[in-house]
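So the structure is just underneath, and the comments pick up after that.
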Amino acid sequence: MAHVNADIVDLRDFYASRLGEACVRSLAMALSPVWKPIREERLVGLGYVTPYLDRLTGDAERTLAFMPAAQGAVNWPLGRPSLAALVHPAELPLGDASVDRILMVHALEFAEDPAETLSEAWRVLAPGGRLVMVLPSRQGVWARFEHTPFGFGRPWSRGQATRLLRDTQFTPAGFSEALLFPPFRRAGLLNLAGPWERAGRRLWPMFAGAIVIEAVKLVYRGIPVTSRERSRIRAMRPVLLPQGAPSPALHLDADA
Numbered sequence: 010m011a012h013v014n015a016d017i018v019d020l021r022d023f024y025a026s027r028l029g030e031a032c033v034r035s036l037a038m039a040l041s042p043v044w045k046p047i048r049e050e051r052l053v054g055l056g057y058v059t060p061y062l063d064r065l066t067g068d069a070e071r072t073l074a075f076m077p078a079a080q081g082a083v084n085w086p087l088g089r090p091s092l093a094a095l096v097h098p099a100e101l102p103l104g105d106a107s108v109d110r111i112l113m114v115h116a117l118e119f120a121e122d123p124a125e126t127l128s129e130a131w132r133v134l135a136p137g138g139r140l141v142m143v144l145p146s147r148q149g150v151w152a153r154f155e156h157t158p159f160g161f162g163r164p165w166s167r168g169q170a171t172r173l174l175r176d177t178q179f180t181p182a183g184f185s186e187a188l189l190f191p192p193f194r195r196a197g198l199l200n201l202a203g204p205w206e207r208a209g210r211r212l213w214p215m216f217a218g219a220i221v222i223e224a225v226k227l228v229y230r231g232i233p234v235t236s237r238e239r240s241r242i243r244a245m246r247p248v249l250l251p252q253g254a255p256s257p258a259l260h261l262d263a264d265a
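For the sequence shown, the numbering used here begins at 10 and goes up steadily by one.
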């Protein structure tokens, strides 16, 4: 099922607001325990990731910002040659095993086929590469309000995301929560975002507005068996016959 995508202008305007700045601070705090440094890494952001890439690209050899075609794109970074591109999330313009880490923000919740999007991420990640996803939480307050990007698309529970990762040959490796303060509209109330966030981490983490999940690419993937292949395997399954009796195949040949 397709979900209405957030528009690039709305995303840009949200992150330019005071609420957007508080959101970045909260998510940067949640990313820190799962964002283990990778020296000279090749990093790709998918979705609307530029507010977070600005904070996380210190040691990266190269960084690319891929923005889904349905969402739109903006230039990034400002004042320098652009490293942003408009892409289809299921057909990334990268070679196999070509990047070390992918960060998804405002991406999977809008995907037409989330499994296909993660399978493409698996393809372009190097063996042992890491995927970090920020997802709107199904239990959180933020998914119930449409004045933030976390109120659009498909919200996720931790269990749903974990099952999808395992189905697409990723191993979940770390979890964190963010957006533990209500999505205040009033500027005065936003002064309380920091204390609310700190209190929420201790008292109500299950009601976080976003979940952060890190997963590692498994090097060996299982090959799915189609229904036709299953039928062929059943047809070729050996059967027990009395000694000296002709095999079914020989019997059929004789009848022909």
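Glycine included, C-beta positions come from ideal geometry on N, C-alpha and C.
Residues of the same chain with a CB within less than 6 Å of the CB of ALA130, apart from the 5 flanking positions on each side, are ILE111 and LEU140 in chain order.
Taking each of ARG172, ALA196 and ALA152 in turn and checking the Cα distance to ARG163, the smallest one comes out for ALA152. In terms of CA proximity to ALA182, ARG167 leads the group ARG194, TYR24, ARG167 and PRO191. Across the structure, GLU155 and PHE216 are spaced so that their CA atoms are roughly 17 Å apart.
The beta carbons of ALA37 and TYR61 sit about 7 Å from each other, so the pair counts as a contact at 8 Å. Note on geometry: alpha-carbon atoms of GLY29 and GLY137 lie some 33 Å from one another.
VAL114 has GLY56 and VAL143 as its beta-bridge partners, per DSSP. When the beta-carbon positions are compared, ALA106 and ALA74 stay at least 7 Å from each other. Across the structure, GLN169 and GLN178 are spaced so that their CA atoms are roughly 15 Å apart. Assignment of beta-bridge partners to LEU95 by DSSP yields MET76. If you check the CB distance, ARG210 and LEU188 do not come in under 7 Å.
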